[in-house]
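K.L.:
Everything in the sequence shown is counted per the working numbering, starting at 156 for the first residue and increasing by one. Idealized CB from N, CA, C, for every residue including glycine. Computed from a predicted model, the values in this text were never measured in an experiment. Quick one: this structure, given as C-alpha cells, is what I'll be asking you about.
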Amino acid sequence: MDFSSIRIIAGSLKGRKIPTLQGQGIRPTSLRAREALFSILGSVIQGACVADLFAGSGAIGLEALSRGAQKAVFVEQNLEAGQILEKTLAQFQVKSQSQVFIQDVALAIQNPYLVGWRPFDVLYIDPPYQFEPSHQLLTQIEEADLVAKNGQVIYEHFSKRTPPSAIGQWRLTRTAKYGDTGLSFYRPQTPA
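Structure representation (C-alpha cells):
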C-alpha cells in the first residue's frame, strides 16, 4: 500500500496533511480544483451540512469542516481508504462532526442512518474518472431526497465529458474546468 498526502488549504485545519491511499481508483481532487470549488462556494460552507460521496481521502469534506461546516458525511466503498479516513477524522478531532459510511454509494443513500444526517446543503459527488456513474445512480441519489431545498450538488468528472444538463429535479447552473477536472454545479429546480 502506497501513501501520499495533500494539505488542507484554509480554515481551522489549514496546513494539516490528509493521508491519501494511492491507486485502487482513488484520485484526490487537485489543489487547483479544491481552491476554485471553495472560492465558488464562499460563505455557503459556514454552518453547512456536507456530504462527500465517493470520498476517497475525504479532502472535500475535511476542507469543508476546516472552513466552518457544521458536519460532514463521507461515503467511500474502499475499506482501506475508509479506515484511513476514520483515523484522520479522529486525529483532526472532528469525529463528533462527521460520519464515515464504508459502503457503495447506491447502498449508502438508502441507509437509514445516513438519511438521518440530511438534508445536505452541499452534496459532492466525485466518482473515479474511469467510472462514469450511470444516469440511474445519479437519479437514485437525487430521488433519495438528501439535498436541502436551497442546497447545491457538485459533480466532479473528467473535464472532457459533458455533464448532464439535469438530474431529476436538479438543474445544471454552472460548469468549470481545471485541467482534467470538471466541476458541474446543480441546484434543485423550484416548482413554478
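1) Quick one: Cα of H312 to Cα of L217, how far?
2) Quick check: what's the CA-CA separation for T336 versus K169?
3) Look at the Cβ atom of G323, then the Cβ atom of V277, and state whether they are nearer than 8 Å.
4) Just to confirm the assignment: which complete beta strand (DSSP E) runs, minimum length 3, are found wholly within the region 248 to 327?
5) In whole angstroms, what separates the C-alpha of G254 from that of G271?
6) How would you call R329, buried or exposed, if buried means at least 16 neighbouring beta carbons within 10 angstroms?
7) Starting from L176, follow the beta strand (DSSP E) in both directions and report where the run begins and ends.
8) Specify the secondary structure class of F387 as computed by DSSP and reduced to three states.
9) Between V249 and L220, what straight-line distance do the alpha-carbon atoms span, to the nearest angstrom?
10) Which residue marks the beginning of the alpha helix (DSSP H) containing G237, and which one marks its end?
11) Terminal residues of the continuous beta strand (DSSP E) containing S339?
12) Less than 6 Å between C-beta atoms, sequence neighbours within five positions excluded: which residues of the same chain meet that for A299?
13) Just confirm the distance between the C-beta atoms of I164 and R171, as a whole number of angstroms; I'd bet it's less than 8 Å.
14) Taking the alpha-carbon positions, what's the L192 to P343 distance?
15) Excluding the 5 residues flanking T294 on each side, which residues of the same chain have their C-beta closer than 7 Å to its C-beta?
16) Which partner residues does F229 have in the DSSP bridge list?
17) Roughly how many angstroms separate the alpha carbons of D207 and G237, rounded to a whole number?
18) Counting along the chain, where does the alpha helix (DSSP H) carrying L220 start and finish?
P.N.:
Result, derived from the coordinates:
1) Between H312 and L217, the C-alpha separation is close to 20 Å.
2) Roughly 23 Å between the two C-alpha positions.
3) No, the Cβ-Cβ distance between G323 and V277 is not below 8 Å.
4) The region 248 to 327 contains these whole beta strand (DSSP E) runs: 253 to 256, 275 to 280, 302 to 313.
5) Residue identity check: residue 254 is Gln in the sequence provided, not Gly. Those two C-alpha atoms are separated by around 11 Å.
6) With fewer than 16 other Cβ atoms within 10 Å, it is exposed.
7) First-last of the beta strand (DSSP E) with L176: 172 to 176.
8) Nothing about residue 387 can be read from this structure; the chain reaches only from 156 to 347.
9) One alpha carbon belongs to V249, the other to L220, and they sit about 8 Å apart.
10) Run containing G237: 234 to 246, per the alpha helix (DSSP H) assignment.
11) Its beta strand (DSSP E) spans residues 336 to 343.
12) In its chain, beyond the 5 residues on either side, I264 have a beta carbon closer than 6 Å to the beta carbon of A299.
13) The pair is not a contact, with the Cβ atoms about 10 Å apart (cut-off 8 Å).
14) About 19 Å.
15) Excluding sequence neighbours, T294 sits near I322, G323.
16) Beta-bridge partners of F229 (DSSP): D207, V255.
17) The straight-line gap from Cα to Cα measures roughly 12 Å.
18) Its alpha helix (DSSP H) spans residues 214 to 221.
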